Amino acid sequence: MLEGKLVRLRAIEEADLPLFHKWINDPEVTQFLQAYLPVPLKNEQEWFDKARKDSSSVYFSVEDKKSRKLIGICSLHKLHPANRSAEFGIFIGDTRFWNKGYGTEAGKLCLAYGFDTLNLHRVGSSAISYNPRSIRMHEKLGFKKEGAKREEIYRKGKCWDLVMLGLLRDEFKR
Amino acid sequence: MLEGKLVRLRAMEEKDLPFFHKWMNDPEITQYLLKYLPFSLKDEQEWFDKARNDPSRVHFAIEDRKSGKTIGHCALVHIHPANRNAEFAISIGEKTRWNKGAGTEAARLLFSYAFDTLNLHRINSGAADFNPRSIRMHEKLGFKKEGLQRERLYRRGKYCGLIGFGLLRDEFKR
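From first to last, the protein sequence lines are chains P and X. Last residue of the first sequence: 184 in this note's numbering, with the numbers rising by one and none dropped. Last residue of the second sequence: 272 in this note's numbering, with the numbers rising by one and none dropped.
Written out as structure tokens, the structure is:
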């Protein structure tokens with residue numbers, strides 16, 4: 011359990027799946043993610059059973075501290091034991107909690123765990139170019155833009171760049 | 099079967115596995131790849147059985163045209179149906195064929211297949227920053243350097259960068 015001021019990170023639980031399932035099928039949420047296909051609840055269940063046993067990934071459910079309600083998920087995945095690197099992923103599925111610092115704080119707790127407990131050296135991430143909110147959040151956490159994969163993502167009828175972000179341990183803004 | 103002047107690309111076969119197995123355990127070769135753990139012949143067999151049944155990737159064995167010998171392997175992996183992109187991988191395991199254009203020609207055949215048959219829009223690739231031979235090859239084929247993941251790989255006792263390359267359909271130097 012990782013406690014912040016606004017949010018708390020805890021293990022993902024089976025009881026979270028109905029909300030994850032709702033969010034991962036919500037275009038308002040998925041427009042900013044790599045997910046774009048309809049996801050049956052059964053796939054969500056399989057994802058959960060795989061995820062909780064996968065030693066190369068760590069997932070946290072993000073809870074609003076006040077109401078104790080589930081509002082999103084964040085993760086470090088593709089943990090690499092020799093490179094000491096991982097990929098960061100996050101989304102706040104409950105859109106009422108957007109733009110209020112909940113995602114940034116969840117990111118901060120998750121990355122602190124990555125560096126201080128998992129002993130990572132570097133965390134990589136990315137954001138689609140039409141998502142300045144995400145890019146801003148990454149920069150607030152200390153991520154640096156390391157490049158862009160041109161026309162990498164096809165969404166909304168056209169190709170968009172994928173902005174590549176990287177955070178070294180010493181650059182993390184706690 | 100894709101025919102060039104120096105090499106031919108064909109489906110990889112079970113008989114190639116002893117060669118792949120030897121190469122994937124040779125540090126002189128794997129220093130440039132993401133691989134770093136010892137890899138058994140059985141792992142190789144399982145990889146082959148998975149790879150040949152996976153529609154999100156296309157693997158080719160590279161044959162020397164003159165001798166008919168297997169000299170390497172190339173592939174497009176993570177083929178994405180909506181984004182129309184894929185990740186490029188190549189290795190010339192037969193070291194006597196390094197620096198003689200076999201790899202560049204194999205890649206050229208593979209990319210013609212990627213753009214003209216698979217209808218891809220973009221190809222992703224990467225090279226360790228200490229591998230100028232690979233960087234040159236990418237540039238010869240039309241790839242543009244799109245970024246640098248700083249300190250992304252741990253090799254030879256220290257962290258080094260991973261250069262990100264991208265090739266759009268119109269930029270491919272045939």
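Yeah, the Cβ is synthetic: ideal placement off N, Cα and C, and Gly gets one too. All of these numbers come straight from a predicted model, not from anything done at the bench.
So residue i contacts chain P; which residues on that side make the cut at Cβ distance below 7 Å?
i, result
"residue 264 of chain X", "159 and 160"
"residue 257 of chain X", "131"
In whole angstroms, what is the alpha-carbon distance linking residue i and residue j?
i, j, result
"residue 157 of chain P", "residue 100 of chain P", "20 Å"
"residue 7 of chain P", "residue 16 of chain P", "Because residue 7 of chain P is not part of the residues shown, which for chain P are 11 to 184, the question remains open."
"residue 37 of chain P", "residue 250 of chain X", "32 Å"
"residue 20 of chain P", "residue 143 of chain X", "39 Å"
"residue 62 of chain P", "residue 194 of chain X", "46 Å"
"residue 30 of chain P", "residue 52 of chain P", "12 Å"
"residue 163 of chain X", "residue 50 of chain P", "48 Å"
"residue 228 of chain X", "residue 258 of chain X", "8 Å"
"residue 83 of chain P", "residue 235 of chain X", "41 Å"
"residue 328 of chain X", "residue 183 of chain X", "Residue 328 of chain X lies beyond the stretch modelled for chain X, which goes from 99 to 272, so this question has no answer here."
"residue 268 of chain X", "residue 232 of chain X", "21 Å"
"residue 122 of chain X", "residue 146 of chain X", "13 Å"
"residue 153 of chain P", "residue 46 of chain P", "26 Å"
"residue 9 of chain P", "residue 69 of chain P", "Residue coverage of chain P in this structure runs from 11 to 184, which leaves residue 9 of chain P outside it and unanswerable."
"residue 133 of chain X", "residue 110 of chain P", "42 Å"
Can the beta-carbon of residue i be found closer than 9 Å to that of residue j?
i, j, result
"residue 96 of chain P", "residue 72 of chain P", "no"
"residue 74 of chain P", "residue 42 of chain P", "no"
"residue 207 of chain X", "residue 101 of chain X", "yes"
"residue 148 of chain P", "residue 175 of chain P", "yes"
"residue 88 of chain P", "residue 65 of chain P", "no"
"residue 12 of chain P", "residue 112 of chain P", "no"
"residue 177 of chain P", "residue 144 of chain P", "no"
"residue 252 of chain X", "residue 131 of chain P", "yes"
"residue 181 of chain X", "residue 220 of chain X", "yes"
"residue 199 of chain X", "residue 169 of chain X", "no"
Taking Cβ-Cβ distances shorter than 7 Å, what residues in chain X pair up with residue i?
i, result
"residue 93 of chain P", "250, 251 and 252"
So which residues of chain P does residue i contact, with C-beta pairs closer than 9 Å?
i, result
"residue 247 of chain X", "95, 132, 134, 156, 157, 174 and 176"
"residue 220 of chain X", "159, 160, 161, 162 and 169"
Chain P partners of residue i, CB-CB under 8 Å?
i, result
"residue 182 of chain X", "164"
"residue 134 of chain X", "92"
> Using 8 Å as the threshold, is the stretch 222 to 232 of chain X in touch with the stretch 255 to 262 of chain X, meaning 3 or more CB pairs across them?
Replying inline: yes
> Would you call the stretch 164 to 173 of chain P and the stretch 120 to 140 of chain P touching, i.e. three or more CB-CB distances under 8 Å?
Replying inline: yes
> Can you find at least 3 beta carbon pairs, one from the stretch 105 to 117 of chain X and one from the stretch 143 to 160 of chain P, that sit closer than 8 Å?
Replying inline: no
>> At a CB distance below 8 Å, what residues from the stretch 193 to 218 of chain X approach chain P? Give them in sequence order.
In response: none
> Taking one C-beta from the stretch 171 to 179 of chain X and one from the stretch 124 to 131 of chain X each time, how about it: are there three or more such pairs within less than 8 Å?
Replying inline: no
> Are the stretch 213 to 221 of chain X and the stretch 48 to 58 of chain P touching by the rule of at least three beta carbon pairs closer than 8 Å?
Replying inline: no
> When you check each C-beta in the stretch 42 to 68 of chain P against every C-beta of chain X, which residues fall closer than 8 Å?
Replying inline: 46
> Taking a cut of 7 Å between CB atoms, which residues from the stretch 228 to 244 of chain X lie near chain P?
Replying inline: 244
>> Three or more C-beta pairs under 8 Å: does that hold for the stretch 176 to 183 of chain P against the stretch 110 to 127 of chain P?
In response: yes
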